[in-house]
Every structure is written in C-alpha cells, then in structure tokens.
Amino acid sequence: MSIIDSALDNTRETFRRDQVWSFLKEKEVSVDVSHQIILYIEGLSVSFDGFKALNDMNLYINDGELRCLIGANGAGKTTLMDVITGKTQCDEGSVYFGQTHNLLEKDEAEISQLGIGRKFQKPTVFEAHTVLDNLELSLKTNKGVIPTLLARLSSTEILKIDEVLETIGLKDHRMMLAGSLSHGQKQWLEIGMLLVSEPRLLLVDEPVAGMTAQETEHTAELLKSLAGDHTVVVVEHDMEFVRSIAKTVTVLHQGSVLAEGTMDEVQNNAAVREVYLGDES
Ligand SMILES: Nc1ncnc2c1ncn2[C@@H]1O[C@H](COP(=O)(O)OP(=O)(O)O)[C@@H](O)[C@H]1O
Ligand SMILES: [Mg+2]
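When we follow our numbering, the leftmost residue of the sequence shown carries the number 73, and every step to the right adds one.
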C-alpha cells in the first residue's frame, strides 16, 4: 500500500459517515441502582397558594418495574410528574434518580439527558411528517445541537429506529404521514419518539384515554414489553387497564401515598375503598 493510499484510508476512517467522532459523543450516564431503586421520593411537598398539591410524599420505584399510579382528580399525580421532570419546583423534600443524581438540582433539559422521558396525555407528533421522520427528528433533537448538524444518522441510530418501529408495531407504517395514523398509533409513535433515545425511566400520563378496546390491549402489551429494560411509571384511570398491566399499584390521595400493593390488595384496602374505589363499585 502506497503512502497516499494509506493516508486516504486514514482520512476515510476518520470521516466515516456512519460514525460520530468520539469528542462529539455523549457521555454514557451512569445511574446507581445498586439498591434496586431507580427513583427515590422523600418528604416531597409542593404548594400552590398555600394549597398542598403534594404533602410529605414518600415513594420508591424499583429499577425495571412497571408501576401504576392511581388516584382521584386532584390527588397530585401530574404535579408529581412535573416535579420529577423539573417542570415544577418543590417546597420541601428530595428526589433522586438512582443514588447519586439529585433531580431537584437539575433543569428539564438535564433531567431528560439523564434518561428520564415523559409522555404527555395528548400526542404531539409532527403530523405533516412521516413516522420515520418523526423518530429521526426526535432522536436528533434529544441529542442536542451538534449531532443535528451531521445530516446522516449513524448505522447504530438506523438500527435503533428499526428496533423501535418493531416495538411500537409501526414497521409497515414507516412511510405514512403521522397525521394519517389512528389516535392509538399516534400514541405509540410518541412512545417510540421517547424510546429512540433509550431512556431509563418513562413517565406515561393516561396512555389509553380515547383508545379503542383493541388499541388499549395493544398498549398494555407494549408497556409490559418495555418494563425490565426500562422502568415505566403509568398514571391511568382505566382500572381494567391498570389491572391488566400492574404488579404494584400506588394510590395517591391529597398529595400523599394512601396505599400500595397488588391491584387486589389496594382494591380491598379499607381506606382506599372509602376515598376512591369505594364509590365506583
Ligand atoms: N399550577 C397550579 N396552580 C394552582 N393549583 C394547581 C396547579 N397545578 C395543580 N394544582 C392543584 O393541585 C392539585 C393536584 O393537581 P394534579 O397534580 O393535577 O392532580 P391529578 O393529576 O392527580 O389530577 C389540584 O387540586 C390542582 O387544582
Ligand atoms: Mg393529572
């Protein structure tokens, strides 16, 4: 091999389109779950004009579990997710991601970079773009500014998007405009948009509201398949759905944890029956 050939080879290797230069790569975030807990919430209080939306709440989420949060309107479910994701400041208490990341010291962008993804109730996909474009855009946006300037996706990223399309059941819809998907499919696409950046913890607010029975069933399978590799916290009102996915259910009431256990345990809990489930059965 001549000197020129080897110089060319080196240059090609340096500027490979399927790779990002190491100095541009994000650092892997390490989350210390050596105690099996990924989210620690202790003594958490939030008040709005003197009203306590969260009141000395204590909650622990295990690494890899699928946890359901239930509770009447106003119980504090959304406020809790707002504090975890840095959207709302708390008055007192602590929130740790693993043993070392103090989430109360971080802003929304930093919390997302740590691997905490949130899906709001209403799908916010880009309707005029294809399913594939939505996933690509999401991957680039989540990675920040520099990778967006490198037009091409790396081979790893292409594989990741393929894997996510498979997971969310939209492989055959990749070239469809997101706007033409059904309500359920849009919700799955939005879950996919979180999954491309490989979050450790997913917070999902009322995923099956407005879905058909079949879509609800599919969503149950999807969320169950995500647990293990991810930790999934789901807020949902549909009790049949909660029963079909949850091993552990946490009942919130007036900003605190009222009960926790299997669906059967919480449904038979006297305090829960009194304040929440009781008036439904
Ligand atoms: N930004 C806010 N300003 C004033 N009150 C709020 C605000 N956000 C939530 N609240 C109040 O806090 C309580 C808890 O709300 P929320 O967390 O949305 O409950 P949930 O999601 O369980 O229905 C409710 O009484 C609500 O009215
Ligand atoms: Mg809410």
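Glycine included, each C-beta is placed from N, C-alpha and C at the ideal position.
Source: prediction; values computed, not measured.
Between residue 347 and residue 338, the alpha-carbon positions lie close to 12 Å from each other. By the criterion of a C-beta distance shorter than 8 Å, residue 124 is surrounded in its chain by 117, 118, 326 and 327, once the five residues flanking it on both sides are discounted. Shortest gap from the CB of residue 307 to any heavy atom of ligand 2: under 8 Å. Only residues of its own chain outside the window of five on either side were considered, and among them 136 have a CB closer than 7 Å to the CB of residue 300, listed in chain order.
For residue 189, the beta-bridge partners assigned by DSSP are 274.
Those residues placing their Cβ nearer than 5 Å to any heavy atom of ligand 1 are, following chain order, 120, 125, 145, 146, 147, 148, 149, 150 and 151. Taking C-beta separations shorter than 6 Å and ignoring five residues to either side along the sequence, the partners of residue 176 in its chain run 167, following chain order. Put simply, of 107, 210 and 329 the residue whose alpha carbon is nearest the alpha carbon of residue 271 is 210. Counted as a single uninterrupted DSSP element, the beta strand (DSSP E) harbouring residue 129 occupies residues 123 to 134.
Annotated three-state conformation of residue 334 is coil, per DSSP. Using a cutoff of 8 Å, the CB of residue 163 does not count as near ligand 2, since none of the ligand's heavy atoms is closer than that. With a cutoff of 9 Å on beta-carbon distance, residue 134 and residue 109 are scored as near each other. Apart from the 5 residues on each side of it in sequence, residue 245 sits with its Cβ closer than 6 Å to the Cβ of 203 in its chain, given in chain order. Three or more beta-carbon pairs drawn from the stretch 193 to 200 and the stretch 252 to 268 are found closer than 8 Å, and the two stretches are therefore classed as touching. Here the stretch 148 to 160 does not lie against the stretch 226 to 235, with fewer than 3 beta-carbon pairs under 8 Å apart. Where residue 139 is concerned, the enclosing beta strand (DSSP E) starts and stops at 138 to 142.
Beta-bridge pairing by DSSP links residue 109 to 134.
In the three-state DSSP reduction, residue 201 falls in the coil class, being neither helix nor strand. Shortest gap from the CB of residue 277 to any heavy atom of ligand 2: under 8 Å. Residue pairing from DSSP leaves residue 150 without any beta-bridge partner. Apart from sequence neighbours up to five positions away, the residues of its chain that approach residue 172 with a beta-carbon distance below 6 Å are 104, ordered along the chain.
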